[in-house]
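Read the structure below first, then the notes.
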Amino acid sequence: MTHMMPDRVADLIPSQRPKPAAPAAAPLSVALFSATRRPSAHIEAAVAMFDAERGLKLLRGPLLSVEDQGDRETLLGQYAAADKVLSATALRQSTAVLS
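Quick note, the sequence shown lines up with residues 61 to 159 if you use the numbering used here.
Structural data, given as structure tokens:
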């Protein structure tokens, strides 16, 4: 019978476990540079998706009125259309800068 050494991180109590590093926010100048190289449809779709996400957070719950359910369906359609545009665009298209 061999005894396997337990993982040291698994033995730590939850408050002592290392936290994953949070992604650093890009500076405004980097974001603006990246946005200038993106297609305008891509930027419009990203804004539409953000607006739809914000609206969907407001329309939650099982007791929505008929009008609210219709608004939620409209927002879901807008979100799906924006997602379709964003998924059709290459992820690294705007970051290819030759030096």
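Don't be surprised by glycine CBs; every beta carbon is placed ideally from N, CA and C.
| Asked | Found |
| --- | --- |
| Delimiting residues of the alpha helix (DSSP H) encompassing residue 89 | 88-96 |
| Distance, residue 104 Cα to residue 111 Cα | 11 Å |
| Coarse secondary structure for residue 135, derived from DSSP in three states | helix |
| Length of the line joining the Cα atoms of residue 118 and residue 89 | 32 Å |
| Simplified DSSP state of residue 123, which is helix, strand or coil | coil |
| Which listed residue (148, 123, 139 and 93) has its alpha carbon closest to that of residue 115 | 139 |
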